[in-house]
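Residue numbers (our numbering): 43 to 478. Where is the CB? At the ideal position from N, CA and C, for every residue including glycine. Structure first, then comments.
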Amino acid sequence: MRQYITIEESSLNSTKQFISEIQHELSQLKIICQYFCCDHLISEIEDLIENLISYNDYELENILYDKYIQIRKNILYGSDFAKEIKSPNFKVNRYSKYDYERSFAPYNLENRVNKFDNKNTKTVVFRSGMSAIDVILKSLVRHFDLSRMQMIDCSFYFETKELLYNIYDRYFNINRITSYEELYQTLEVTTYNIIFLESVDINRPNERIDLNLLIKKISNSRSPLILIIDTTADIFNFNLAEFVSKINRDILVFEIKSGIKLGQLGLELANVGFVNLSTNSKYIDLKSIYQTLVAFRSITGCSILPYEEKLLSNEIFFSEIKHDYILRMSTICTEFYNAIASNQSFEILGGELSVFLIIKIKSTEKDIYKKFLEDLDKSLKRKKLTIIHGTSFGFRHPRIEIIQKDFGDNCLRLSLGCYRGLLYEAIKHFFIEWRE
Numbered sequence: 043m044r045q046y047i048t049i050e051e052s053s054l055n056s057t058k059q060f061i062s063e064i065q066h067e068l069s070q071l072k073i074i075c076q077y078f079c080c081d082h083l084i085s086e087i088e089d090l091i092e093n094l095i096s097y098n099d100y101e102l103e104n105i106l107y108d109k110y111i112q113i114r115k116n117i118l119y120g121s122d123f124a125k126e127i128k129s130p131n132f133k134v135n136r137y138s139k140y141d142y143e144r145s146f147a148p149y150n151l152e153n154r155v156n157k158f159d160n161k162n163t164k165t166v167v168f169r170s171g172m173s174a175i176d177v178i179l180k181s182l183v184r185h186f187d188l189s190r191m192q193m194i195d196c197s198f199y200f201e202t203k204e205l206l207y208n209i210y211d212r213y214f215n216i217n218r219i220t221s222y223e224e225l226y227q228t229l230e231v232t233t234y235n236i237i238f239l240e241s242v243d244i245n246r247p248n249e250r251i252d253l254n255l256l257i258k259k260i261s262n263s264r265s266p267l268i269l270i271i272d273t274t275a276d277i278f279n280f281n282l283a284e285f286v287s288k289i290n291r292d293i294l295v296f297e298i299k300s301g302i303k304l305g306q307l308g309l310e311l312a313n314v315g316f317v318n319l320s321t322n323s324k325y326i327d328l329k330s331i332y333q334t335l336v337a338f339r340s341i342t343g344c345s346i347l348p349y350e351e352k353l354l355s356n357e358i359f360f361s362e363i364k365h366d367y368i369l370r371m372s373t374i375c376t377e378f379y380n381a382i383a384s385n386q387s388f389e390i391l392g393g394e395l396s397v398f399l400i401i402k403i404k405s406t407e408k409d410i411y412k413k414f415l416e417d418l419d420k421s422l423k424r425k426k427l428t429i430i431h432g433t434s435f436g437f438r439h440p441r442i443e444i445i446q447k448d449f450g451d452n453c454l455r456l457s458l459g460c461y462r463g464l465l466y467e468a469i470k471h472f473f474i475e476w477r478e
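See below:
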């Protein structure tokens, strides 16, 4: 016999699911507090968990966000981590050499990040992913005769393109391509000395580089190769040492990863970028290139500060908790995609194995994206909710932004956060119901 669910039962099931999501998120915040010794906040969270029934859904949504902000502030400003003396270094005697903050080297964090049991793999920490790219390109100018080398660029991030084509195109002979398929086809027939690519197409987050196919294509030549690969948006770990071991030509690889997006449990404690560099060639002086990266980092002030290094060296960022956090965001993103995919007003890119969606509105109206966000804000306001208009992805709460691409081909980037609260459900309902 078919069972019918009443409106009251449906509402009750929805409330139970919401409470379950709140409990899970509070338990995760409690774990974060334990790792950062925020003991007084732990008792507050435990009290909240025990008394969830005392609050209505809207109060819980606001309480959860406020608690997240409180934890971030406590870690950054209220704990011993932020009380480190920066420069000069007063921990030694008065005759010690004075050192500028920009010269500090975060070797402890670099050793934590470098998990490769290989002397031919090194790690350098920078102020951001973009500063890491900038210093890598400077180092290539320093070490190689670029006039004889050809670069193929398969990057998608707008700031990377700005850096390449507004500054470095005078040093590099760059062939710009716009898709992985075009990359494979081009490498099949043409040999390049430098390849710059991103492992996930940030404009089509459901598309990622096929590493096995890439290895096959670049193995067509025996000439030395420099590969720069940005793995920031990839939810899977890129095993640099394993990748290099499969290449049968001399290769120097720089792996770049922004550490704020998927590396900090959505806490946004510090801007940071990581570079892993490796080679399989006895003719490439990896130590010299590494030293150049470190020197340019110091000269240009692209290092992080000691208290930031201490924050980012916390054990929680090297535990399974971070892995579970990323998978949970990906699961929520997939569920959201499946819920709104039938709305023919949108072209939706992403979903499975991604942590954000790229959404194009099928309309010729000039200001349709601005109008869409205004409608969304009004809809949420009526429900006493609000969404952050902000860039990037990997955060604990939903964010949305308009991406202004070349030739007016705009789109929305939507990240859903790590729990299905009232805001998540309201955004999902709006996308399901919205029509131009």
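Requested in this report: Taking all protein chains shown into account, decide if A383 is buried (16 or more other Cβ within 10 angstroms of its Cβ) or exposed.
Outcome: Locating residue 383 in the sequence shown gives position 341, counting from the first residue. A383 comes out exposed.
Query - Inter-stretch contact at 8 Å, needing at least 3 Cβ pairs: the stretch 405-421 / the stretch 455-464 - result: no
Query raised in the report: Anyone know if the C-beta pair for E19 and I268 falls short of 9 Å?
Result: With the chain covering only 43 through 478, there is no way to say anything about residue 19.
Query raised in the report: Considering only C-alpha positions, which residue in the set I442, K164, E201, F146 is nearest to S173?
Result: For the purposes of this step, residue 173 is taken as the residue at position 131 of the sequence shown. Nearest C-alpha to S173: E201.
Query raised in the report: Roughly how many whole angstroms lie between the Cα atoms of I474 and N380?
Result: By one-based count along the sequence shown, residue 474 stands at place 432. By one-based count along the sequence shown, residue 380 stands at place 338. Straight-line spacing of the CA atoms in I474 and N380 works out to 10 Å.
Requested in this report: Tell me F200's beta-bridge partners as DSSP assigns them.
Outcome: Locating residue 200 in the sequence shown gives position 158, counting from the first residue. Note: F200 sits in no beta bridge, so no partner.
Query raised in the report: E484 to T57, Cα distance in whole Å?
Result: Since the first residue of the chain shown is 43 and the last is 478, residue 484 is not available in this structure.
Report task. Please go through the same chain and pick out, in chain order, the residues whose beta-carbon is closer than 6 Å to the beta-carbon of E350, but skip the five residues on each side of it. Result -> As a working note, residue 350 is residue 308 in the sequence shown. Cβ neighbours of E350 beyond the five flanking positions: A312.
**Report entry** Three-state secondary structure assigned by DSSP to F60
**Finding:** In the sequence shown, the residue the question calls residue 60 occupies position 18. Three-state DSSP puts F60 in a helix.
**Report entry** Inter-residue spacing [alpha-carbon to alpha-carbon] between D89 and P440
**Finding:** On the sequence shown, position 47 is the one that residue 89 refers to. On the sequence shown, position 398 is the one that residue 440 refers to. Cα to Cα, the separation comes out at about 26 Å.
Requested in this report: Please list, in chain order, all residues of the same chain as E357 whose beta carbon is under 8 Å from its beta carbon, the five residues on each side excluded.
Outcome: Position 315 of the sequence shown, counted from the first residue, corresponds to residue 357. Only Y77 meet the Cβ criterion.
Report task. Mind checking which residues open and close the beta strand (DSSP E) that includes L523? Result -> Only positions 43 to 478 of the chain appear in this structure, which leaves residue 523 out of reach.
Query raised in the report: Nearest to L83 by alpha carbon, out of N116, L256, I293?
Result: Position 41 of the sequence shown, counted from the first residue, corresponds to residue 83. Ranking the options by Cα distance to L83, first place goes to N116.
Query raised in the report: Comparing alpha-carbon positions, which option in R169, R438, V286 lies nearest D366?
Result: Translated into positions along the sequence shown, residue 366 becomes position 324. It is R438.
Query - Closest by C-alpha distance to F278, when choosing among T220, R218, L304, I61 - result: Start at 1 with the first residue of the sequence shown, and residue 278 comes out as number 236. Considering only alpha carbons, the answer is L304.
Query raised in the report: From L282 to R154, what does the alpha carbon distance come to, in whole angstroms?
Result: Along the sequence shown, one-based indexing puts residue 282 at 240. Along the sequence shown, one-based indexing puts residue 154 at 112. Spanning the two alpha carbons is a distance of roughly 16 Å.
**Report entry** CB contact flag (E389, K408, <9 Å)
**Finding:** Along the sequence shown, read from residue 1 onward, the residue named residue 389 stands at position 347. Along the sequence shown, read from residue 1 onward, the residue named residue 408 stands at position 366. Their beta carbons are not under 9 Å apart, which means E389 does not touch K408 by this criterion.
Report task. Quick one: using the 10 Å Cβ neighbour count with 16 as the cut-off for buried, is V231 buried or exposed? Result -> Taking the sequence shown and counting its residues from 1, one reaches residue 231 at position 189. Exposed is the call here.
Requested in this report: Could you say which of I374, S396, G432 lies nearest to E467 if we only look at CA atoms?
Outcome: Counting from 1 along the sequence shown, the entry for residue 467 is found at position 425. Checking every option, the nearest Cα to that of E467 belongs to I374.
Requested in this report: Jot down the residue ranges of each uninterrupted alpha helix (DSSP H) in the stretch 182-232, minimum 4 residues, whole runs only, in chain order.
Outcome: For the alpha helix (DSSP H) assignment, the uninterrupted runs of no fewer than 4 residues enclosed by the stretch 182-232 are, from N- to C-terminal side, 200-208, 222-231.
Query raised in the report: To the nearest angstrom, how far is it from the Cα of Q112 to the Cα of L118?
Result: Mapped onto the sequence shown, residue 112 falls at position 70. Mapped onto the sequence shown, residue 118 falls at position 76. Taking the straight line joining both Cα atoms gives about 10 Å.
Requested in this report: Under 7 Å Cβ to Cβ from Y210, same chain only, skipping five residues before and after it: list those, please.
Outcome: Position 168 of the sequence shown, counted from the start, is the residue given in the question as residue 210. Here the set comprises L179.
Requested in this report: State the start and end residues of the unbroken beta strand (DSSP E) segment that holds R144.
Outcome: By one-based count along the sequence shown, residue 144 stands at place 102. From DSSP, R144 is part of no beta strand (DSSP E); its letter is neither H nor E.
Query raised in the report: At what residues does the beta strand (DSSP E) containing T165 begin and finish?
Result: One-based indexing of the sequence shown puts residue 165 at position 123. T165 -> beta strand (DSSP E) spans 163-168.
Query raised in the report: Are there 16 or more other CB atoms within 10 angstroms of the CB of Q446, so buried, or fewer, so exposed?
Result: Within the sequence shown, residue 446 is the residue found at index 404, counting from 1. Under this definition Q446 is an exposed residue.
Query raised in the report: Counting along the chain, where does the alpha helix (DSSP H) carrying S421 start and finish?
Result: Position 379 of the sequence shown, counting from 1, holds the residue named residue 421. Taken as a continuous stretch (DSSP letters only), the alpha helix (DSSP H) holding S421 covers 410-424.
**Report entry** Secondary structure of C488, DSSP reduced to three states
**Finding:** This structure leaves residue 488 out entirely; the chain is present only between 43 and 478.
Query - Alpha-carbon to alpha-carbon, D81 and L335 - result: Here residue 335 refers to the residue found at position 293 when the sequence shown is read from its first residue. Here residue 81 refers to the residue found at position 39 when the sequence shown is read from its first residue. If you take the alpha carbons of L335 and D81, they lie about 40 Å apart.
Query raised in the report: Does the distance from the CB of I260 to the CB of R212 come in under 9 Å?
Result: For the purposes of this step, residue 260 is taken as the residue at position 218 of the sequence shown. For the purposes of this step, residue 212 is taken as the residue at position 170 of the sequence shown. Not closer than 9 Å, so no.
Query raised in the report: Would you report the Cα separation of L464 and Y97, rounded to the nearest angstrom?
Result: Along the sequence shown, read from residue 1 onward, the residue named residue 464 stands at position 422. Along the sequence shown, read from residue 1 onward, the residue named residue 97 stands at position 55. Going by the C-alpha atoms only, they are around 14 Å apart.
Requested in this report: Could I get the ranges of all uninterrupted beta strand (DSSP E) runs contained in the stretch 73-127, with 3 residues as the minimum, in chain order?
Outcome: Counting whole runs of 3 or more residues, the stretch 73-127 contains no beta strand (DSSP E) stretch at all.
Query raised in the report: Touching or not, the stretch 320-329 and the stretch 293-309, by the rule of three or more beta carbon pairs under 8 Å?
Result: yes
**Report entry** Local conformation of R339 per DSSP, three classes
**Finding:** If you number the sequence shown from 1, residue 339 lands on position 297. Reduced to three states, the DSSP call for R339 is helix.
**Report entry** Other residues of its chain near G392: CB distance less than 8 Å, five sequence neighbours each side excluded
**Finding:** In the sequence shown, residue 392 corresponds to position 350, counting from 1. Same-chain partners within the cutoff: R246, P247, N248, C375, Y379, F398, L399, I400.
Query raised in the report: The beta strand (DSSP E) spanning E443 covers which residue range?
Result: Counting from one through the sequence shown, the residue named residue 443 turns up at place 401. Segment 441-445, the beta strand (DSSP E) holding E443.
Report task. Please report how far the alpha carbon of I219 lies from the alpha carbon of C75, in whole angstroms. Result -> As a working mapping, residue 219 is identified with position 177 in the sequence shown. As a working mapping, residue 75 is identified with position 33 in the sequence shown. Using only the alpha carbons, I get a separation of about 45 Å.
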